[in-house]
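Peer 1: Numbering (full-length UniProt numbering), first residue to last: 1 to 334.
For every residue, glycine included, the Cβ atom is placed at its ideal position computed from N, Cα and C.
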Amino acid sequence: MYKPQIEDLLWVPVLALALCLTRILFERYIATPIGKSLGIREINHRKPSPCIYLEEAFKKSRTPSHQALESYSKKLDLSVRQIQRWFRLRRNQDKANTLTRFTESCWRFTYYLTILIIGTIILYNKVWFWDSTECWPNYPHQHVPSEIYWYYLVELSYYVGSSLMHFTDVRKKDFWELFIHHIVTMTLMFIAWIQNIIRISCLILLVHDMADPFLEATKMASYSGHRKWCNHLFIVFTIAWYIGRLYIFPFKILYSTLFYAPTVTGMAPIYYLYNGLLGSLQLLHIIWTIIITKILYNRLKTGEIKKDERSESEEAVSDTETETAQKTAVNNCT
């Protein structure tokens with residue numbers, strides 16, 4: 001019988017680094033060519049003219065008030081419209097282009113689909129895969145076979161790597177919610193490894209992975225301009241999300257950890273910590289469900305999926321506006 005050991009976690013930084021390197025190579029040499037073959041162009045955003053004063057102002061506020069704009073206008077002898085254009089260009093400079101968004105989604109789609117298939121194959125023949133109450137008999141003296149050992153550590157390593165690269169990825173409006181989700185998930189996984197709560201944790205991982213490939217596929221279809229595929233895939237994603245995050249997770253997994261586990265494990269402190277973290281995950285699920293439902297409503301109302309509400313869009317600036325703003329700003333900022 002093999003039970004998880006703390007020293008096993010030394011594999012995590014090694015595997016996390018390997019996954020990060022794999023991601024970088026995948027995005028550069030596989031996802032980027034795929035994106036270009038689908039007609040996605042790598043557009044470099046136009047940069048505003050150098051202006052130290054406005055750069056310092058931008059660090060304080062990316063969207064200054066009208067009063068601040070008037071102050072900058074007087075200081076630099078520029079019109080308010082010219083200052084606004086400079087800030088639009090500067091904000092756009094920090095936003096990733098469509099090809100970058102596509103390559104990130106392509107990597108996540110590949111990982112989630114692969115790990116979902118592997119996880120299903122590994123867990124399919126386990127009794128507790130079909131009945132979550134079977135996760136607890138003989139706890140904590142439960143054997144962890146090698147295939148579950150590596151499946152679990154790879155998943156944990158992926159979340160560690162994703163947390164590290166979270167600050168370099170395309171920034172979404174739910175940036176901090178997603179980061180909190182990663183931290184909570186990693187904390188749960190570390191606790192589960194140390195306490196040998198592996199069975200129910202594997203089910204949690206599988207439930208989380210079941211909708212993600214369809215989400216990333218939806219984004220890829222959207223970025224590449226395949227609107228019909230985007231609409232169809234989003235519907236599949238929504239169904240998978242509702243089943244996994246609003247039915248299986250709360251009524252099968254949370255129910256098992258809240259009401260059945262104590263009959264076997266007792267009401268130890270770990271019971272409250274583990275279930276508290278699971279509850280926070282479900283709260284995040286509800287927040288994201290609201291966003292998904294809004295997008296679905298718009299789809300039913302307009303007939304197509306709107307752009308990902310979490311993404312920051314590029315602000316339009318005309319060529320004439322840009323040229324005028326550039327010339328004037330250079331003269332006044334130097």
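Check N126 in the structure and name its three-state DSSP category.
Peer 2: Sequence index remark: in the sequence shown, residue 126 carries index 126 (1-based). Looking at the sequence itself, residue 126 is Lys, so the reference to Asn does not match. If DSSP states are grouped into helix, strand and coil, K126 belongs with coil.
Peer 1: I40: which of F87, F109, S222, L15 sits nearest, CA to CA?
Peer 2: Translated into positions along the sequence shown, residue 40 becomes position 40. Ranking F87, F109, S222, L15 by Cα distance to I40 puts S222 first.
Peer 1: Closest by CA to L296, which one among I239, F259, V264, S256?
Peer 2: Here residue 296 refers to the residue found at position 296 of the sequence shown. Comparing Cα positions, the closest option is I239.
Peer 1: Taking DSSP as the reference, what is the three-state secondary structure of S61?
Peer 2: Along the sequence shown, one-based indexing puts residue 61 at 61. Of the three classes helix, strand and coil, the one that applies to S61 here is coil, per DSSP.
Peer 1: Contact defined as beta carbons within less than 8 Å: I believe N97 pairs with Q142. What is the distance between those atoms, to the nearest angstrom?
Peer 2: Working through the sequence shown from its first residue, we reach residue 97 at position 97. Working through the sequence shown from its first residue, we reach residue 142 at position 142. Actually they do not touch by this definition, with Cβ atoms about 48 Å apart.
Peer 1: Taking three-plus beta-carbon pairs below 8 Å as touching, is the region 201-209 in contact with the region 151-167?
Peer 2: The region 201-209 vs the region 151-167: in contact.
Peer 1: Is the Cβ-Cβ distance between Y158 and I198 less than 9 Å?
Peer 2: In the sequence shown, residue 158 corresponds to position 158, counting from 1. In the sequence shown, residue 198 corresponds to position 198, counting from 1. It is not a contact, given that the beta carbons lie outside the stated cut-off.
Peer 1: In this structure, does DSSP put P33 in helix, strand or coil?
Peer 2: To locate residue 33, count along the sequence shown from 1; it is residue 33. The answer is helix: DSSP assigns P33 an H, G or I state.
Peer 1: If you draw a straight line from the alpha carbon of E312 to that of Y271, how long is it in whole angstroms?
Peer 2: On the sequence shown, position 312 is the one that residue 312 refers to. On the sequence shown, position 271 is the one that residue 271 refers to. Caution applies to E312, whose pLDDT of 49 falls short of 50 and renders its modelled position unreliable; the value that the coordinates give is listed next. Those two C-alpha atoms are separated by around 39 Å.
Peer 1: Determine the DSSP secondary structure at G119, reduced to helix, strand or coil.
Peer 2: Within the sequence shown, the letter at position 119 stands for residue 119. Looking at G119 - three-state DSSP - the assignment turns out to be helix.
Peer 1: Looking at A217 and F109, is the spacing between their C-beta atoms short of 9 Å?
Peer 2: Here residue 109 corresponds to residue number 109 of the sequence shown, with the count starting at 1. Here residue 217 corresponds to residue number 217 of the sequence shown, with the count starting at 1. For F109 and A217, yes; Cβs fall inside 9 Å.
Peer 1: Contact between the region 62-70 and the region 240-253 is defined here as three or more beta-carbon pairs at a separation below 8 Å; is this criterion met?
Peer 2: No: the two stretches stay apart, fewer than three of their Cβ pairs being nearer than 8 Å.
Peer 1: Which class does V144 belong to by DSSP, given the choice of helix, strand or coil?
Peer 2: By 1-based counting over the sequence shown, the position of residue 144 is 144. Here V144 sits in coil by DSSP.
Peer 1: Thinking C-beta only, is V12 closer than 9 Å to L156?
Peer 2: Position 156 of the sequence shown, counting from 1, holds the residue named residue 156. Position 12 of the sequence shown, counting from 1, holds the residue named residue 12. Yes, these two residues count as a Cβ contact at 9 Å.
Peer 1: Buried or exposed, going by whether 16 or more other CB atoms sit within 10 Å of the CB of V80?
Peer 2: Position 80 of the sequence shown, counted from the first residue, corresponds to residue 80. Under this definition V80 is an exposed residue.
Peer 1: Using a 10 Å radius around the Cβ and a threshold of 16 neighbouring Cβ atoms, would you call D131 buried or exposed?
Peer 2: Residue numbering aside, residue 131 sits at position 131 when the sequence shown is read from its first letter. Flag for D131 reads exposed.
Peer 1: With L283 as the anchor, note down where its alpha helix (DSSP H) starts and where it stops.
Peer 2: Along the sequence shown, read from residue 1 onward, the residue named residue 283 stands at position 283. 269-302 is the extent of the alpha helix (DSSP H) around L283.
Peer 1: Take every Cβ of the region 165-183, pair it with every Cβ of the region 73-93, and state whether three or more of those distances are shorter than 8 Å.
Peer 2: Too few Cβ pairs lie closer than 8 Å, so no.
Peer 1: Quick check: the Cα distance between T257 and M210, rounded to an integer number of angstroms?
Peer 2: The count along the sequence shown starts at 1 and reaches residue 257 at position 257. The count along the sequence shown starts at 1 and reaches residue 210 at position 210. If I take the Cα positions, the gap works out to 20 Å.
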